[in-house]
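Under the numbering used here, the residues of the sequence shown are numbered 5 to 212, in order.
See structure below.
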Amino acid sequence: MRKTIAAVAVALAMAGCSSNGNGQAGGDASKGGKDACGLLTDEQINQATELGPKAHAPIPDWPVPSCRWDLNGENNFVKIYTGDAKMFTAPHGEELPGLGDKAAWEPVGEKVQATKGGTAFELWIVLTNQKDMQKRAAVRMANDVAAKLGWGGGAQVPTGTGSASTTSSSKSSTTETSTAKSSKTSETKESEPDSSEPETNETEPSSN
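Pasting the structure below:
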(Lines of atoms letter the chains of each structure in order from A; the text may use other names.)
(Lines give C-alpha, C1' and ligand atoms only; values in the text may rest on other atoms or scores of the structure.)
Protein backbone atom coordinates (compact mmCIF):
# COMPACT_ATOMS: atom_id res chain seq x y z
CA MET A 5 0.00 0.00 0.00
CA ARG A 6 2.93 2.36 0.63
CA LYS A 7 4.02 2.00 -2.98
CA THR A 8 0.45 2.71 -4.00
CA ILE A 9 0.35 5.88 -1.93
CA ALA A 10 3.60 7.08 -3.49
CA ALA A 11 2.06 6.55 -6.89
CA VAL A 12 -1.06 8.35 -5.71
CA ALA A 13 0.90 11.39 -4.64
CA VAL A 14 2.57 11.65 -8.05
CA ALA A 15 -0.72 11.11 -9.81
CA LEU A 16 -2.38 13.82 -7.74
CA ALA A 17 0.33 16.28 -8.65
CA MET A 18 -0.22 15.46 -12.32
CA ALA A 19 -3.97 15.68 -11.88
CA GLY A 20 -3.61 19.16 -10.40
CA CYS A 21 -1.87 20.31 -13.56
CA SER A 22 -4.72 19.03 -15.71
CA SER A 23 -7.62 20.25 -13.57
CA ASN A 24 -10.63 21.91 -15.18
CA GLY A 25 -11.54 25.55 -15.01
CA ASN A 26 -13.10 25.18 -11.58
CA GLY A 27 -9.84 23.94 -10.12
CA GLN A 28 -11.19 20.39 -9.67
CA ALA A 29 -8.98 17.47 -10.66
CA GLY A 30 -10.54 15.50 -13.46
CA GLY A 31 -10.05 11.98 -12.04
CA ASP A 32 -11.06 10.62 -8.68
CA ALA A 33 -13.73 13.12 -7.69
CA SER A 34 -15.96 12.51 -10.69
CA LYS A 35 -15.54 8.72 -10.92
CA GLY A 36 -15.04 7.48 -7.40
CA GLY A 37 -16.95 10.22 -5.64
CA LYS A 38 -15.56 12.56 -3.00
CA ASP A 39 -17.44 10.76 -0.24
CA ALA A 40 -16.18 7.18 -0.10
CA CYS A 41 -18.29 6.70 3.03
CA GLY A 42 -21.35 6.79 0.79
CA LEU A 43 -20.28 3.65 -1.08
CA LEU A 44 -21.54 1.32 1.66
CA THR A 45 -24.39 1.45 4.14
CA ASP A 46 -24.24 0.25 7.73
CA GLU A 47 -26.81 -2.39 6.85
CA GLN A 48 -24.71 -3.75 3.98
CA ILE A 49 -21.68 -3.99 6.24
CA ASN A 50 -23.68 -5.68 8.98
CA GLN A 51 -25.12 -8.23 6.55
CA ALA A 52 -21.66 -9.06 5.20
CA THR A 53 -19.70 -9.16 8.46
CA GLU A 54 -22.40 -9.87 11.06
CA LEU A 55 -20.73 -7.11 13.07
CA GLY A 56 -22.59 -3.83 13.22
CA PRO A 57 -20.52 -0.72 12.49
CA LYS A 58 -19.86 1.47 15.53
CA ALA A 59 -18.72 4.53 13.61
CA HIS A 60 -17.33 5.62 10.27
CA ALA A 61 -15.49 8.62 8.92
CA PRO A 62 -13.27 9.68 6.02
CA ILE A 63 -9.62 8.87 6.59
CA PRO A 64 -7.95 12.26 7.23
CA ASP A 65 -5.18 13.61 5.02
CA TRP A 66 -5.50 10.78 2.53
CA PRO A 67 -4.78 11.63 -1.12
CA VAL A 68 -7.78 9.72 -2.51
CA PRO A 69 -11.40 9.45 -1.36
CA SER A 70 -11.40 7.01 1.52
CA CYS A 71 -13.43 5.86 4.49
CA ARG A 72 -13.00 3.64 7.53
CA TRP A 73 -15.75 1.80 9.39
CA ASP A 74 -14.95 0.55 12.89
CA LEU A 75 -17.00 -2.55 13.69
CA ASN A 76 -18.14 -4.09 16.94
CA GLY A 77 -15.59 -6.29 18.66
CA GLU A 78 -11.86 -5.81 19.03
CA ASN A 79 -9.87 -4.36 16.12
CA ASN A 80 -12.44 -5.10 13.40
CA PHE A 81 -12.74 -2.65 10.53
CA VAL A 82 -13.44 -2.05 6.84
CA LYS A 83 -11.66 0.56 4.74
CA ILE A 84 -12.31 1.76 1.20
CA TYR A 85 -10.06 3.74 -1.11
CA THR A 86 -11.35 4.82 -4.52
CA GLY A 87 -10.39 7.05 -7.40
CA ASP A 88 -8.61 7.16 -10.74
CA ALA A 89 -7.38 3.70 -11.71
CA LYS A 90 -3.94 5.15 -12.48
CA MET A 91 -3.51 5.82 -8.79
CA PHE A 92 -3.81 2.15 -7.83
CA THR A 93 -1.77 -0.96 -8.46
CA ALA A 94 -3.36 -3.45 -10.84
CA PRO A 95 -5.50 -6.13 -9.15
CA HIS A 96 -3.52 -9.26 -8.34
CA GLY A 97 -4.17 -12.39 -6.32
CA GLU A 98 -7.21 -14.67 -6.54
CA GLU A 99 -9.22 -13.46 -9.55
CA LEU A 100 -12.86 -12.44 -9.06
CA PRO A 101 -14.57 -12.76 -12.46
CA GLY A 102 -17.65 -10.60 -12.95
CA LEU A 103 -16.52 -7.71 -10.77
CA GLY A 104 -15.61 -4.75 -13.00
CA ASP A 105 -13.09 -5.20 -15.80
CA LYS A 106 -10.64 -6.88 -13.47
CA ALA A 107 -10.76 -7.73 -9.79
CA ALA A 108 -8.95 -9.93 -7.31
CA TRP A 109 -8.88 -10.94 -3.67
CA GLU A 110 -5.42 -10.34 -2.23
CA PRO A 111 -5.25 -12.61 0.85
CA VAL A 112 -1.97 -11.27 2.23
CA GLY A 113 -3.24 -7.69 2.22
CA GLU A 114 -6.76 -8.85 3.16
CA LYS A 115 -8.38 -6.75 0.46
CA VAL A 116 -10.37 -6.74 -2.77
CA GLN A 117 -8.92 -4.74 -5.65
CA ALA A 118 -11.16 -3.85 -8.59
CA THR A 119 -11.05 -1.66 -11.69
CA LYS A 120 -13.51 -0.71 -14.40
CA GLY A 121 -12.71 1.78 -17.10
CA GLY A 122 -10.73 4.55 -15.46
CA THR A 123 -12.03 3.93 -11.93
CA ALA A 124 -10.69 1.66 -9.21
CA PHE A 125 -11.27 0.86 -5.57
CA GLU A 126 -9.69 -1.19 -2.84
CA LEU A 127 -11.72 -2.64 0.01
CA TRP A 128 -9.68 -3.69 3.04
CA ILE A 129 -11.13 -5.84 5.80
CA VAL A 130 -9.95 -7.11 9.17
CA LEU A 131 -12.13 -9.41 11.29
CA THR A 132 -9.75 -10.34 14.07
CA ASN A 133 -11.56 -13.43 15.35
CA GLN A 134 -13.23 -14.39 12.07
CA LYS A 135 -10.39 -14.55 9.56
CA ASP A 136 -12.10 -17.35 7.65
CA MET A 137 -15.05 -15.04 6.91
CA GLN A 138 -13.00 -12.16 5.53
CA LYS A 139 -12.98 -13.11 1.84
CA ARG A 140 -16.71 -13.85 1.73
CA ALA A 141 -17.56 -10.60 3.51
CA ALA A 142 -15.16 -8.55 1.40
CA VAL A 143 -16.47 -9.90 -1.92
CA ARG A 144 -20.05 -9.28 -0.87
CA MET A 145 -19.30 -5.68 0.08
CA ALA A 146 -17.20 -5.17 -3.07
CA ASN A 147 -20.26 -6.13 -5.12
CA ASP A 148 -22.26 -3.51 -3.20
CA VAL A 149 -19.60 -0.89 -3.92
CA ALA A 150 -19.57 -1.82 -7.62
CA ALA A 151 -23.35 -1.43 -7.74
CA LYS A 152 -23.10 1.99 -6.10
CA LEU A 153 -20.52 3.01 -8.71
CA GLY A 154 -22.88 1.84 -11.45
CA TRP A 155 -20.62 -0.95 -12.66
CA GLY A 156 -23.29 -3.62 -12.76
CA GLY A 157 -22.62 -7.32 -12.37
CA GLY A 158 -20.57 -8.70 -9.54
CA ALA A 159 -18.32 -11.54 -8.43
CA GLN A 160 -19.63 -14.79 -7.05
CA VAL A 161 -19.68 -14.66 -3.27
CA PRO A 162 -17.90 -17.67 -1.71
CA THR A 163 -20.33 -20.07 -0.07
CA GLY A 164 -20.09 -21.28 3.49
CA THR A 165 -18.58 -19.50 6.44
CA GLY A 166 -16.05 -22.09 7.50
CA SER A 167 -16.70 -20.66 10.92
CA ALA A 168 -14.11 -20.79 13.62
CA SER A 169 -16.58 -22.54 15.90
CA THR A 170 -16.96 -25.41 13.45
CA THR A 171 -13.21 -25.72 13.10
CA SER A 172 -12.79 -25.54 16.84
CA SER A 173 -15.46 -28.20 17.35
CA SER A 174 -13.78 -30.47 14.85
CA LYS A 175 -10.42 -30.02 16.53
CA SER A 176 -11.99 -30.62 19.92
CA SER A 177 -13.60 -33.84 18.69
CA THR A 178 -10.31 -35.01 17.23
CA THR A 179 -8.53 -34.17 20.47
CA GLU A 180 -11.09 -36.05 22.53
CA THR A 181 -10.78 -39.10 20.27
CA SER A 182 -7.00 -39.00 20.52
CA THR A 183 -7.24 -38.63 24.29
CA ALA A 184 -9.61 -41.60 24.50
CA LYS A 185 -7.28 -43.73 22.39
CA SER A 186 -4.32 -42.65 24.49
CA SER A 187 -6.23 -43.49 27.66
CA LYS A 188 -7.11 -46.96 26.38
CA THR A 189 -3.51 -47.56 25.33
CA SER A 190 -2.32 -46.44 28.74
CA GLU A 191 -4.77 -48.78 30.48
CA THR A 192 -3.60 -51.67 28.30
CA LYS A 193 0.04 -50.95 29.07
CA GLU A 194 -0.70 -50.76 32.77
CA SER A 195 -2.59 -54.06 32.78
CA GLU A 196 -0.09 -55.99 30.68
CA PRO A 197 2.72 -55.98 33.30
CA ASP A 198 0.29 -57.27 35.95
CA SER A 199 -0.54 -60.36 33.89
CA SER A 200 2.99 -60.98 32.67
CA GLU A 201 4.99 -60.53 35.86
CA PRO A 202 3.73 -63.72 37.57
CA GLU A 203 4.55 -65.71 34.45
CA THR A 204 8.06 -64.28 34.43
CA ASN A 205 8.57 -65.17 38.09
CA GLU A 206 7.47 -68.72 37.44
CA THR A 207 9.60 -69.34 34.37
CA GLU A 208 12.83 -67.70 35.49
CA PRO A 209 13.52 -70.15 38.37
CA SER A 210 12.88 -73.16 36.10
CA SER A 211 15.49 -71.91 33.65
CA ASN A 212 18.09 -71.87 36.43
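The beta carbon of each residue, even a glycine, is placed where N, CA and C say it ideally should be.
Within 10 angstroms of the beta-carbon of His96 lie fewer than 16 other beta-carbons, which makes it exposed. The three-state secondary structure of Leu103, taken from DSSP, is strand. With contacts defined as CB atoms closer than 8 Å, Glu110 and Val130 fail to qualify as a contacting pair. Residue state for Thr53 is assigned as helix, using DSSP reduced to three classes.
Of the other Cβ atoms in all chains shown, 16 or more fall within 10 Å of the Cβ of Glu126; this residue is therefore buried. By the C-beta criterion, the region 98-109 is judged not to be in contact with the region 66-77, since fewer than 3 inter-stretch pairs fall below 8 Å. For Asp88, the enclosing beta strand (DSSP E) begins and ends at Phe81 to Asp88. CA-to-CA, the gap between Thr163 and Asp136 works out to about 12 Å. Following the DSSP letters along the chain, one finds Asp148 inside the alpha helix (DSSP H) bounded by residues Gln138 to Lys152.
Residue state for Leu43 is assigned as helix, using DSSP reduced to three classes. CA-CA distance, Ala150 to Gly122, rounds to 13 Å. Thr45 and Leu75 have their C-alpha atoms roughly 13 Å apart. Its chain contains no residue whose beta carbon lies nearer than 7 Å to that of Glu54 once the 5 sequence neighbours on both sides are disregarded.
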